[in-house]
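Engineer: Below are the structure tokens for one structure; questions will follow.
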Amino acid sequence: MTMTAQSSTSEPTATQRPTYFVNAMKEGLHAAMSEDDRVVVIGEDVDRSVIGATRGLIDDFGPMRVRNTPISEATFVGACVGAAAAGLRPVVDLMVGSFFYVAMDQLADQAAKLRYMSGGQVALPIVYFAATGPSGSGAAQHSENLHPMLMNVAGLKIVMPSTPYDAKGLMISAIRDPNPVVYLQDFVLGGTKSHVPEDAYAIPLGVGDVKKPGTDVTVVAIGATVPKALRVAKALEKEGISVEVIDPRTLVPLDEDLILSSVARTGRLVVTDSARLTCSAASEIVAMVAQSGFGTLKAAPQRVAWENVPVPFSPPLEKRVLVQDDDIRRAILATLA
Amino acid sequence: MTMTAQSSTSEPTATQRPTYFVNAMKEGLHAAMSEDDRVVVIGEDVDRSVIGATRGLIDDFGPMRVRNTPISEATFVGACVGAAAAGLRPVVDLMVGSFFYVAMDQLADQAAKLRYMSGGQVALPIVYFAATGPSGSGAAQHSENLHPMLMNVAGLKIVMPSTPYDAKGLMISAIRDPNPVVYLQDFVLGGTKSHVPEDAYAIPLGVGDVKKPGTDVTVVAIGATVPKALRVAKALEKEGISVEVIDPRTLVPLDEDLILSSVARTGRLVVTDSARLTCSAASEIVAMVAQSGFGTLKAAPQRVAWENVPVPFSPPLEKRVLVQDDDIRRAILATLA
Amino acid sequence: MTVVDTETGRPANPTATAWPVAEQQHMLRMMIRIRRFEERLAALFKRGELPGFVHLYLGEEAVAVGVCSALRADDRITSTHRGHGHVIAKGASTDRMMAELFGRVDGYCRGKGGSMHIVDFSLGIMGTNGIVGGGIPIGTGSAWGDKHLGRDNVTVVFFGDGASNQGVFFESMNLAAIWKLPVIFVCENNGYTEWTPTEKLTAGRIVDRGSPMGIPGDLVDGNDVVAVREATDKAVARARTGQGPTLIEARTYRWHGHNEGEEAFAGAYRPQQEQDDWRGRDPIAAYGHALVQAGVITQPEWDEIDLAETAAVEASVVFAQQSPLPDPEEALDHLFATTSTGDLR
Amino acid sequence: MTVVDTETGRPANPTATAWPVAEQQHMLRMMIRIRRFEERLAALFKRGELPGFVHLYLGEEAVAVGVCSALRADDRITSTHRGHGHVIAKGASTDRMMAELFGRVDGYCRGKGGSMHIVDFSLGIMGTNGIVGGGIPIGTGSAWGDKHLGRDNVTVVFFGDGASNQGVFFESMNLAAIWKLPVIFVCENNGYTEWTPTEKLTAGRIVDRGSPMGIPGDLVDGNDVVAVREATDKAVARARTGQGPTLIEARTYRWHGHNEGEEAFAGAYRPQQEQDDWRGRDPIAAYGHALVQAGVITQPEWDEIDLAETAAVEASVVFAQQSPLPDPEEALDHLFATTSTGDLR
Ligand SMILES: Cc1ncc(C[n+]2csc(CCOP(=O)(O)OP(=O)(O)O)c2C)c(N)n1
Ligand SMILES: Cc1ncc(C[n+]2csc(CCOP(=O)(O)OP(=O)(O)O)c2C)c(N)n1
Ligand SMILES: [Mg+2]
Ligand SMILES: [Mg+2]
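Residue numbers (the numbering used here), protein chains in the order written: chain A, 114 to 450; chain B, 114 to 450; chain C, 214 to 558; chain D, 214 to 558.
Shown next as structure tokens:
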């Protein structure tokens with residue numbers, strides 16, 4: 114847990130520089146490609162990179178290890194299964210999270226299941242990453258967050274960092290992991306900046322992080338809702354309410370112990386998710402705590418997630434659908450009422 | 114709610130005959146095709162019907178209204194969007210639930226969203242149905258139940274009946290509904306039999322059904338787990354434990370009031386789902402009650418669902434992964450401990 | 214030969230079949246409308262006045278107009294992420310388009326859709342689409358619906374060279390072929406899939422991809438509105454008379470980036486010479502001059518059209534800016550229909 | 214002309230290139246092994262001894278053997294729901310296959326996979342597949358992996374006529390064409406997609422579907438093992454020497470139903486005459502007699518092979534029945550790897 118502690122509490126050291134989230138991802142990719150030449154990155158326009166995480170990698174690793182694909186998501190997502198079995202360690206840039214839909218069979222029915230169906234004959238080290246979720250009027254077909262769906266598919270690890278520091282360390286772990294990993298960069302976080310060490314480091318999958326310690330209420334926040342929860346927590350601090358903010362960082366495996374032990378101390382739970390409410394990660398975590406930590410709950414656990422509609426285009430409509438600071442604040446206060 | 118009551122409590126009347134589940138679905142299809150000639154059924158081998166729900170319809174409605182498609186799920190699922198906008202009321206037999214994966218973009222990103230994205234300009238009356246879930250050693254790629262995923266996709270109504278009576282009435286409502294409806298026939302229920310009225314009747318979407326009244330514990334059961342829950346409830350009756358078994362019948366919209374009011378009476382909740390646990394409908398319902406009915410809960414709510422692995426082939430392995438009567442029984446007793 | 218227009222007695226465009234003068238002028242007008250609309254969007258985007266991102270159609274106007282001018286009002290189209298030209302050519306109101314792009318309540322989708330989800334079912338516009346290839350099965354299904362219901366409507370499916378590598382393109386051609394559907398697959402090959410040259414991603418000629426299924430392919434100069442129109446006329450005739458689908462590949466070029474603002478990060482991925490050459494083949498200038506040459510239109514008339522369309526686009530911007538933003542609570546409307554007849558308020 | 218086998222001095226099969234006698238006998242043996250294995254499964258299924266459902270390969274043996282006999286041990290295949298023949302031809306143990314089909318712990322997947330998920334990576338068998346078309350991208354990726362890693366392995370992707378209407382087939386051909394991948398697409402056209410005649414669902418000839426992408430197509434008699442083998446030899450040579458993919462369409466016929474037990478509900482969907490004609494073209498009888506004719510094998514040797522293979526299949530049934538069912542707790546194993554080197558226990 115040192116690494117975990119470090120990520121949330123450590124002061125920037127000499128070797129750290131302020132780094133954008135997408136560049137932290139790139140540093141992770143670069144480190145993994147440098148340490149293992151079986152690591153290849155493919156996707157649409159990965160040479161120039163629409164979102165940015167692969168931009169410039171081609172200069173160091175060439176067009177065979179940073180390779181543009183046709184717009185054939187189902188095929189290149191599935192091709193990585195065969196390639197991984199043949200000995201590559203493919204990393205796929207799906208560009209935008211919504212595009213996972215096009216490749217869902219190859220992802221959920223092939224990549225996720227082949228190892229299990231074969232009785233463990235093969236390991237499939239593959240990373241599927243994308244910028245995901247709302248980007249600001251990206252509209253319904255460019256704003257989906259599929260982690261709730263993919264959590265229901267056994268066989269995929271799911272990573273969803275909220276800081277540049279975590280983004281780099283989790284990218285390295287995701288690529289080193291011998292299993293298919295879905296790595297989701299919540300779109301709006303891409304341009305956030307914080308201190309990141311220059312050299313490579315790994316953050317283990319399945320270890321959550323206490324982004325802010327607190328005693329009165331536990332807020333589990335996912336992806337883009339983490340900075341929102343932290344803002345709200347800091348504001349409530351002034352009102353004498355001590356909020357603990359936990360970022361699971363990986364949704365599969367999920368650090369249930371960290372969440373349960375926090376709730377055991379605070380007795381109050383809010384889960385805020387960067388996804389539609391129904392069958393969301395927020396629902397899963399609330400249900401998990403309700404079942405395994407019922408005795409420790411002093412008040413009704415609260416879910417804060419998107420409205421159950423597609424993400425609309427117009428700014429005021431989009432704002433109405435997505436999670437706002439005030440929604441989190443109200444939910445926290447509700448657990449204290 | 115008379116219909117609801119009727120479905121669970123009414124004695125077979127003169128006009129009712131013992132009917133297999135798949136044949137009840139067929140009666141619903143037949144009634145809907147008879148009342149509206151814009152209703153067409155397409156899918157792979159729907160003329161002869163692999164599962165059975167469309168078998169023989171071609172004799173009454175001909176090859177243009179009961180039409181075989183190539184194995185191109187993404188395309189014929191999406192084609193129904195255009196056809197519905199043009200004035201047809203397509204009903205699609207996807208055959209097996211797992212095959213939804215292949216068509217996920219057209220289902221979740223197009224059919225589910227076009228109406229909303231267009232600001233309500235169009236209604237898309239489409240039914241997508243399939244035999245779904247484990248069928249007995251169908252193995253990982255023929256045993257998926259996708260209702261948890263699809264519940265997270267706003268814009269699809271989701272129907273999952275547990276009795277032949279409900280299967281017929283809900284099929285008719287699904288086809289009459291002006292929206293895309295996913296209708297899931299949990300595979301193992303296909304061969305179950307009960308009394309079904311000969312003439313057409315509609316069971317409204319969004320209205321759950323109390324399959325067995327009780328006072329001590331509320332069990333919400335979904336799809337294939339309903340008969341299991343009823344067996345367990347009857348057995349516990351002898352031990353002096355009164356279990357209320359609720360079948361939501363439609364998961365979107367979900368009859369939250371029926372569930373909350375039952376828990377308000379019993380104070381105890383078990384939700385059993387015919388799906389993997391993580392982000393399942395069971396998680397959603399437990400979370401919903403934990404948030405909205407916390408004060409009424411006397412004990413930790415319990416989820417009973419599949420293990421978080423693909424469905425294996427070998428019978429003892431499959432049995433270990435799926436929900437068994439004993440799992441439900443243990444969960445009920447746990448809420449009373 | 215010189216075809217004389219019976220209405221006006223003026224010689225019609227010699228390069229074209231004998232279309233009425235009014236129709237030829239209309240084709241020019243529609244290309245100009247698209248041009249001015251897109252130019253205005255480029256400026257608005259630079260000034261940060263448009264939410265989200267936009268993909269402009271500048272330079273490709275002859276494809277949309279050549280195709281849609283061959284369609285009836287009750288024919289349908291499905292479009293792409295680069296769809297403004299298609300929907301304008303199919304008759305969309307630039308006021309309501311602009312309002313939609315501004316996210317206003319008078320927009321086509323009341324602000325819910327934006328650039329990639331512009332819909333007007335009353336005009337047969339079944340939607341631009343945010344998913345590459347996403348509209349192909351939908352348009353194919355629209356043709357199936359019309360055929361099943363005994364109508365003689367046709368549906369045009371617009372898509373790009375990049376979309377020609379999506380499986381649904383082939384699946385839909387196969388379905389259209391075996392069911393003999395009245396659908397026309399129009400591939401706009403602008404030489405690039407985002408920032409990658411088409412030939413690096415796409416094996417062989419797209420126009421040939423239907424031939425194994427017996428679908429005739431027609432390769433046309435996408436910057437020649439007359440050539441596009443004539444190819445579409447043939448395809449429409451086939452479709453309306455029950456002879457099934459046609460694949461048209463129109464070679465063209467986009468003048469602007471894949472999306473506005475890409476200069477910031479895409480780098481230079483297209484040779485300047487190539488860009489200059491294509492700009493030298495401006496489909497509007499070419500057609501306009503041909504019409505002047507043929508005496509179908511005078512330069513003043515042409516200037517008049519341009520002024521009028523430029524003014525109309527300005528008016529659309531004003532219309533959009535004056536339209537209110539939607540009430541946030543509207544975000545919860547329109548998910549499910551309660552009656553089958555839509556409920557556009 | 215008569216080719217003489219250098220080892221034995223006996224004339225080799227005149228219809229074939231000069232393959233060693235042992236190899237020709239081996240091809241016959243493998244077809245017989247598949248035949249006896251599938252016949253046994255049919256009987257076991259009737260007696261309700263097999264969990265789940267099975268799709269038998271009877272009548273199509275020449276395709277699997279013609280193709281796989283042209284492959285090296287380290288070449289790979291992806292297969293289908295009708296895959297027993299493919300994996301046997303690629304060298305799978307019938308003991309472990311049978312145990313898998315019985316759901317026993319000595320099965321290839323320890324009972325987790327069953328008929329539609331038989332895998333042996335050590336033999337390059339990347340899996341039968343429950344999703345029609347599902348194996349096509351996987352095999353294409355396997356070829357990409359080998360090429361990237363500088364190996365000269367080839368991968369064969371088996372699929373049916375019905376699968377040729379899945380989008381991934383075209384997408385994978387396109388990727389294989391632009392990346393010049395060492396993959397061979399082998400379409401087994403047995404005339405039916407489940408219970409529907411192929412031509413009712415599939416526009417044009419499948420063998421032509423790669424030509425727009427520059428992929429050579431080879432249409433062969435799928436009941437002639439020599440023809441299949443020769444076509445595959447050509448395709449393998451192309452693939453190994455970096456010339457890219459080939460599409461082979463093998464026309465054949467399945468003797469049994471789409472799946473065992475279908476008689477109960479499918480009804481008669483294939484003309485009796487058609488079935489009789491194809492059974493009259495038994496690929497095993499044809500090749501066996503050709504080899505006897507050519508003096509490559511004697512009738513007693515042939516009978517000997519058949520007896521041995523029949524006995525071996527019997528032994529496989531015993532092996533399977535004596536293998537224990539897996540411990541239920543194993544259901545929770547094998548989801549995630551802890552090391553990259555697999556962990557088959
Ligand atoms: C399924 C899917 N994959 C990727 C994208 C991202 N994307 C948007 S446009 C585009 C390129 C499309 O190229 P083309 O079809 O040639 O159309 P053009 O932009 O050239 O008009 C891509 C990759 C998308 N929107 N949908
Ligand atoms: C994606 C998907 N759709 C449908 C099915 C059901 N199904 C299994 S086999 C089959 C027919 C396949 O026909 P073909 O490809 O010709 O292979 P054959 O059975 O003739 O060997 C179908 C429709 C499936 N398994 N997967
Ligand atoms: Mg293009
Ligand atoms: Mg077949």
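Heads up, the beta-carbon is just placed ideally off N, CA and C, and yes, glycines get one too. In this text the structure is predicted, and so the values were computed from the model without any measurement.
Does any residue of chain B have a CB that is nearer than 8 Å to the CB of F258/C?
Structural biologist: Cβ-Cβ to chain B under 8 Å: no for F258/C.
Engineer: Excluding the five sequence neighbours on either side, which residues of its own chain have a C-beta within less than 8 Å of the C-beta of T554/D, listed in chain order?
Structural biologist: Only weak support exists for where T554/D lies, its pLDDT of 45 falling under 50; the value from the coordinates is given anyway. The answer is none, since no qualifying residue turns up.
Engineer: Are L343/A and V358/A close, meaning C-beta to C-beta below 8 Å?
Structural biologist: Closer than 8 Å, so yes.
Engineer: What residue does the beta strand (DSSP E) around R130/A start on, and which one ends it?
Structural biologist: From DSSP, the beta strand (DSSP E) with R130/A extends over 129 to 133.
Engineer: Mind checking whether the beta-carbon of T409/B lies closer than 7 Å to any heavy atom of ligand 2?
Structural biologist: Because no heavy atom of ligand 2 lies under 7 Å away, the Cβ of T409/B does not count as near it: no.
Engineer: Could you name the residues of chain G that T363/B contacts, counting a contact when the two beta carbons are closer than 8 Å?
Structural biologist: Within the model displayed, chain G is absent; protein chains A, B, C and D are what it includes.
Engineer: Here's the rule: buried if 16 or more other CB atoms are within 10 angstroms of the residue's CB, otherwise exposed. What is A277/C?
Structural biologist: Buried, because 16 or more other Cβ atoms sit within 10 Å of the Cβ of A277/C.
Engineer: Determine the extent of the alpha helix (DSSP H) in which H297/C is found, giving its start and end residues.
Structural biologist: Counting along the chain, the alpha helix (DSSP H) containing H297/C begins and ends at 297 to 302.
Engineer: For C392/A, which three-state DSSP category applies?
Structural biologist: The answer is coil: DSSP assigns C392/A none of H, G, I, E or B.
Engineer: Where do the N-terminal and C-terminal ends of the beta strand (DSSP E) with N265/A fall, by residue?
Structural biologist: No beta strand (DSSP E) holds N265/A; the alpha helix (DSSP H) holding it covers 260 to 265.
Engineer: Let me see if you follow: with CB-CB separation under 8 Å, is K139/A close to chain C or not?
Structural biologist: Taking Cβ atoms only, chain C never reaches closer than 8 Å to K139/A, which makes this a no.
Engineer: Whose C-alpha, out of A395/A, S375/A, M262/A, is nearest the C-alpha of A418/A?
Structural biologist: It is A395/A.
Engineer: Are the C-beta atoms of E443/C and some chain D residue less than 8 Å apart?
Structural biologist: So, not an interface residue.
Engineer: Roughly how many whole angstroms lie between the Cα atoms of M264/A and R389/B?
Structural biologist: Each residue's alpha carbon lies about 10 Å from the other.
Engineer: Which two residues bound the contiguous alpha helix (DSSP H) that contains T465/D?
Structural biologist: Where T465/D is concerned, there is no enclosing alpha helix (DSSP H), given that its DSSP letter is neither H nor E.
Engineer: Taking its Cβ as the centre, do 16 or more other Cβ atoms sit within 10 Å of A118/A, making it buried, or is it exposed?
Structural biologist: Because the pLDDT at A118/A is just 33, under 50, the model does not fix this residue reliably, and the point stays unresolved.
Engineer: Ligand 3 and T293/D: does the residue's C-beta get closer than 7 Å to at least one heavy atom of that ligand?
Structural biologist: Checking the Cβ of T293/D against ligand 3 gives no.
Engineer: Quick check: is any heavy atom of ligand 2 less than 7 Å from the C-beta of G358/D?
Structural biologist: Every heavy atom of ligand 2 is 7 Å or more from the Cβ of G358/D, so no.
Engineer: Are the C-beta atoms of L410/A and some chain D residue less than 8 Å apart?
Structural biologist: No, no contact with chain D.
Engineer: Quick check on DSSP: helix, strand or coil for F426/A?
Structural biologist: Coil.
Engineer: Can we count T406/D as close to ligand 4, meaning its CB is less than 7 Å from some heavy atom?
Structural biologist: Yes, the Cβ of T406/D comes within 7 Å of a heavy atom of ligand 4.
Engineer: Below 8 Å, can you find three or more Cβ-Cβ pairs linking the region 428 to 443 of chain A to the region 250 to 265 of chain B?
Structural biologist: Touching, no.
Engineer: My guess is that N403/C and Y500/C are in contact by the Cβ rule of under 8 Å, so how many angstroms apart are they, rounded?
Structural biologist: About 18 Å separates the two Cβ atoms, so there is no contact after all.
Engineer: Figure out for me which residue from F407/B, E157/B, E140/B, S162/B has the closest Cα to the Cα of G480/D.
Structural biologist: Among F407/B, E157/B, E140/B, S162/B, the Cα nearest to that of G480/D is on S162/B.
Engineer: For Q219/A, go through chain C and note every residue whose CB falls closer than 7 Å to its CB, in chain order.
Structural biologist: The premise fails here: Q219/A is roughly 11 Å from chain C at the closest Cβ pair, so nothing lies under 7 Å.
Engineer: Name the DSSP bridge partner or partners of F371/C?
Structural biologist: V399/C.
Engineer: Buried or exposed: which applies to T406/C, given that a residue is buried once 16 or more other Cβ atoms fall within 10 Å of its Cβ?
Structural biologist: Classification of T406/C: buried, given that the 10 Å Cβ count is 16 or more.
Engineer: Output yes if chain C places a C-beta closer than 8 Å to the C-beta of F300/A; else output no.
Structural biologist: No, because no Cβ of chain C sits closer than 8 Å to the Cβ of F300/A.
Engineer: Report the start-end ranges of each alpha helix (DSSP H) in the region 146 to 226 of chain A that is 4 residues or longer and not cut off at the edges.
Structural biologist: Listed in chain order, the complete alpha helix (DSSP H) runs (minimum 4 residues) inside the region 146 to 226 of chain A are 170 to 178, 186 to 199.
Engineer: Closest by CA to V345/D, which one among T459/D, D516/D, E487/D, T293/D?
Structural biologist: With distances taken between Cα atoms, V345/D lies closest to T293/D.
Engineer: What is the C-beta distance between V439/C and V369/C, in whole angstroms, given that I count them as a contact (C-beta under 8 Å)?
Structural biologist: In fact, because the Cβ distance is near 18 Å, the residues do not count as touching under 8 Å.
Engineer: Which of the three DSSP states, helix, strand or coil, is assigned to H330/D?
Structural biologist: In the structure shown, H330/D sits in a helix (DSSP, three-state: H, G or I).
Engineer: Quick check: is any heavy atom of ligand 1 less than 7 Å from the C-beta of N181/B?
Structural biologist: False, no ligand heavy atom lies under 7 Å from that Cβ.
Engineer: Alpha helix (DSSP H) containing D540/D: first to last residue?
Structural biologist: Unbroken run through D540/D: none, as it is neither H nor E.
Engineer: L382/A by DSSP, collapsed to three states: which one?
Structural biologist: Looking at L382/A - three-state DSSP - the assignment turns out to be strand.
Engineer: Which word fits G337/D, buried or exposed, when buried means at least 16 other C-beta atoms lie within 10 angstroms of its C-beta?
Structural biologist: Result: buried.
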